[in-house]
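Engineer: What follows is a structure written as structure tokens; I'll ask about it next.
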Amino acid sequence: MLIRLLRFLIRLALPTPQPPRDTPSSLAGRDLSGQPGSASRTVSSVANTTVSSSGPAAPKGSSLSGLSTDKFAPMSVADALSATAAADWRSANFDSRSVIPPADLPRIQVIDRTMVGMGLISEQELAEIHDIGREMTQFQSDAAFIHQAGERAVAISREERQRLKEQKKAEAEQRRVLRRQQVAHRRATDIMFLGRGVSRGLADRRSNIEKLQAGGLPLLSSPADLANAMGLTISKLRWLAFHSDAPTRVHYVSFNIPKKSGGTRRLSAPHQQLAAAQHWILTNILNLIPVHQNAHGFVAQHSVVTNAAPHVGSSVVINADLKDFFPSITLARVDGLFRRIGYSPAIATILALLCTECPRDTVTFCGTTYHAAIGPRALPQGACTSPAISNLVAHKLDRRMSAMADKLGWRYSRYADDLTWSIEAEPSPSVGYVLARIRHIVDDEGFSVNHEKTRVQRRSQQQSVTGVVVNDRLSVSRDTIREIRAILHNAKSTGLAAQNRNEHPHFESWLAGMIGWIDMVNPQQGGKLRAELIELLRK
95 MLIRLLRFLI RLALPTPQPP RDTPSSLAGR DLSGQPGSAS RTVSSVANTT
145 VSSSGPAAPK GSSLSGLSTD KFAPMSVADA LSATAAADWR SANFDSRSVI
195 PPADLPRIQV IDRTMVGMGL ISEQELAEIH DIGREMTQFQ SDAAFIHQAG
245 ERAVAISREE RQRLKEQKKA EAEQRRVLRR QQVAHRRATD IMFLGRGVSR
295 GLADRRSNIE KLQAGGLPLL SSPADLANAM GLTISKLRWL AFHSDAPTRV
345 HYVSFNIPKK SGGTRRLSAP HQQLAAAQHW ILTNILNLIP VHQNAHGFVA
395 QHSVVTNAAP HVGSSVVINA DLKDFFPSIT LARVDGLFRR IGYSPAIATI
445 LALLCTECPR DTVTFCGTTY HAAIGPRALP QGACTSPAIS NLVAHKLDRR
495 MSAMADKLGW RYSRYADDLT WSIEAEPSPS VGYVLARIRH IVDDEGFSVN
545 HEKTRVQRRS QQQSVTGVVV NDRLSVSRDT IREIRAILHN AKSTGLAAQN
595 RNEHPHFESW LAGMIGWIDM VNPQQGGKLR AELIELLRK
């Protein structure tokens, strides 16, 4: 109720934007009741009937917070019109709507007393209103100060937040720059990632130094050590060892060659830079690790002849072939080999990646050619490191086979993927038992036997080991000797070119190679055939 009354009084106290002249003529017809259209209470009627010129008696003085109600003695409308008739009462200024004017202003006193005289409000209510106005005026400056202080605090806080934001952005940018520099430095000096699924061991740089020193191997622990030893930059080493399932460029040239038994063999020849890295691994690491004494393939001072020699004059010779020998030696097995000889997981991972490759098919998508992997990384047939690694990976297989052969009274040798057992007397236990033990050990060592190439040869038939006949002595098969002799004999009358019935692209080189093979197995036979070839070439 009080708030509604305050609003009414403020509207009544404030002059209109175009105030009329406060003269009796202008107030004569004005309705002061607040009800439009009501002519019962005009200024004249109020002056004549409601409020007398003398006015009611002033109430006994009272005060609210020091404000005396005697100031609000009733005033008639006629007295109010007379008091405001002077020219200096006319003003175009307006009081602020947010302020209750003080009671000691002459204009406000006339208004207040007139409202009391008209019975619109009591002296007590006016005293309460102006007391509120005084308190508003008293605390308004404090509120303004607080508001301004708050605004300043908000502005300072906003500026501080902006400053902190800019500072954090600058610090974040500095961290990003530092991070980029660190990454660039690490990429130039270290290798932490070489492809999905193959980079797990790159963070471990702990090599077994004592074991490497005992084997006379290069002391390598980190990728930087390996790059320096190979004479490569870190980026070049990373490029050569990086694994991708579908790269646009590979480090191998792959092609197929026919097999003697039918079908084709996939060869993968490394490009020059990778071949140089593999040659370093072969020369400085792999060739320094001894292989099993019964392994003859790809070993210096060993050949198919030394592989066949232990089996001469045997009653039973068993030949077995390991199926997919190189493809079965995967990246994990090569990595494990380098770890066993003492190298850290980081070095072992990089060396294994340099020595293995995936079988791939070439596909084209959106105009780009990709070499998609169709199998796991394994030893490629064509890398110089593959034979040496295969001998080292098969070392445990050779050890177990040799132990079994010694226990049963047999002899054992291996040339690459060709395994041979022989015995001079009648075998006891049976051949079937030996074959079963062979299959068990081969499977247990992660290989598989090619059953189509498993042969049991007895003394009554021609016994051959890696192409060398071993029945009574080392020799070449009679069919091969007869073929070479026939070619040399017929060439005396027709020439060598006419004898190229199988259309060898380099017939003379092939013939010289066959005679060299015979000379290696049986120098007596090979010497005669070589002399005949030299005589033909002189003509």
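The sequence shown begins at 95 in our numbering and counts up one residue at a time. Ideal Cβ positions, reconstructed from N, Cα and C, are used throughout, including at glycine.
Secondary structure at R553, three-state DSSP: helix, strand or coil?
Structural biologist: Three-state result, R553: coil.
Engineer: Going by DSSP in three states, A141 sits in which element: helix, strand or coil?
Structural biologist: Confidence at A141 is low in this model, with a pLDDT of 38, below 50, so the placement of that residue should be treated as unreliable; the coordinate-derived value is given next. It is helical.
Engineer: Could you check which residue in G621, H598, I226 and R290 has the C-alpha nearest to that of E575?
Structural biologist: A small correction: the amino acid at residue 575 is Ile; Glu does not occupy that position in the sequence shown. Per the Cα distances, G621.
Engineer: With distances taken from CA atoms, which of Q593, A197 and I215 is nearest G227?
Structural biologist: Checking every option, the nearest Cα to that of G227 belongs to A197.
Engineer: In whole angstroms, what separates the C-alpha of A403 from that of G540?
Structural biologist: In a straight line, the C-alpha of A403 is about 28 angstroms away from that of G540.
Engineer: Check for me: the alpha helix (DSSP H) holding L326 runs from which residue to which?
Structural biologist: From DSSP, L326 is part of no alpha helix (DSSP H); its letter is neither H nor E.
Engineer: Tell me the start and end of each unbroken alpha helix (DSSP H) in the region 564 to 633 that is at least 4 residues and wholly inside, in chain order.
Structural biologist: Entirely contained in the region 564 to 633, the alpha helix (DSSP H) runs reaching 4 residues are, in chain order, 572 to 588, 601 to 615 and 617 to 632.
Engineer: I'd like the span of the beta strand (DSSP E) that includes I468, first residue to last.
Structural biologist: Premise fails: I468 is in no beta strand (DSSP E) and is neither H nor E.
Engineer: So the candidates are G356, G291 and R360; which of them puts its Cα closest to the Cα of S348?
Structural biologist: Taking only the C-alpha atoms, the option nearest S348 is R360.
Engineer: Tell me the start and end of each unbroken alpha helix (DSSP H) in the region 290 to 316 that is at least 4 residues and wholly inside, in chain order.
Structural biologist: Whole alpha helix (DSSP H) segments, 4+ residues: 303 to 309.
Engineer: Output the boundary residues of the beta strand (DSSP E) element that contains N59.
Structural biologist: In the structure displayed, the chain extends from 95 to 633; residue 59 sits before or after that span and is not available.
Engineer: Where DSSP assigns a beta bridge to I49, which residues make up the other side?
Structural biologist: Only positions 95 to 633 of the chain appear in the structure, and residue 49 is not among them; the question remains open.
Engineer: I'd like to confirm the pairing. Which residues does DSSP put opposite L334 in its beta bridges?
Structural biologist: Note: L334 sits in no beta bridge, so no partner.
Engineer: Is A497 helix, strand or coil by DSSP?
Structural biologist: Three-state DSSP puts A497 in a helix.
Engineer: Given L431, which residues of its chain have a CB within under 6 angstroms of its CB, disregarding the five upstream and five downstream residues?
Structural biologist: L486 and V487.
Engineer: In chain order, what are the residue ranges of uninterrupted alpha helix (DSSP H) at least 4 long that sit wholly in the region 338 to 399?
Structural biologist: Within the region 338 to 399, the complete alpha helix (DSSP H) runs of at least 4 residues are 366 to 378.
Engineer: Looking only at C-alpha atoms, which of A238, P168 and L376 sits nearest to L214?
Structural biologist: Looking at the Cα atoms, P168 is the closest of the given residues.
Engineer: Is S301 closer than 8 angstroms to L314 when the C-beta atoms are compared?
Structural biologist: Contact: yes.
Engineer: Just the Cα atoms here: how many angstroms apart are P174 and Q203?
Structural biologist: Correcting the residue identity first, residue 174 is Ala in this sequence and not Pro. Cα-Cα distance, rounded: 10 angstroms.
Engineer: For the alpha helix (DSSP H) holding T479, just list the boundary residues, first then last.
Structural biologist: From DSSP, T479 is part of no alpha helix (DSSP H); its letter is neither H nor E.
Engineer: Just to confirm my understanding: we take A585, look at its own chain, exclude 5 residues before and 5 after, and list those with CB closer than 8 angstroms. What are they?
Structural biologist: If we look at A585 and ignore the five residues flanking it on each side, its Cβ neighbours are A592, Q593 and L630.
Engineer: Between the C-alpha atoms of I483 and K259, what's the straight-line distance to the nearest angstrom?
Structural biologist: About 59 angstroms.
Engineer: Starting from the Cα of R471, find the closest Cα among V344, S603, I423 and E245 and give me that residue.
Structural biologist: Among V344, S603, I423 and E245, the Cα nearest to that of R471 belongs to I423.
Engineer: With a CB to CB cut of under 6 angstroms and the five nearest residues on each side skipped, what residues in its chain are close to H598?
Structural biologist: So the list reads W604, once near-sequence residues are dropped.
Engineer: Going by Cα to Cα distance, which pick from N322, R595, N596 and R624 is closest to G607?
Structural biologist: With distances taken between Cα atoms, G607 lies closest to R624.
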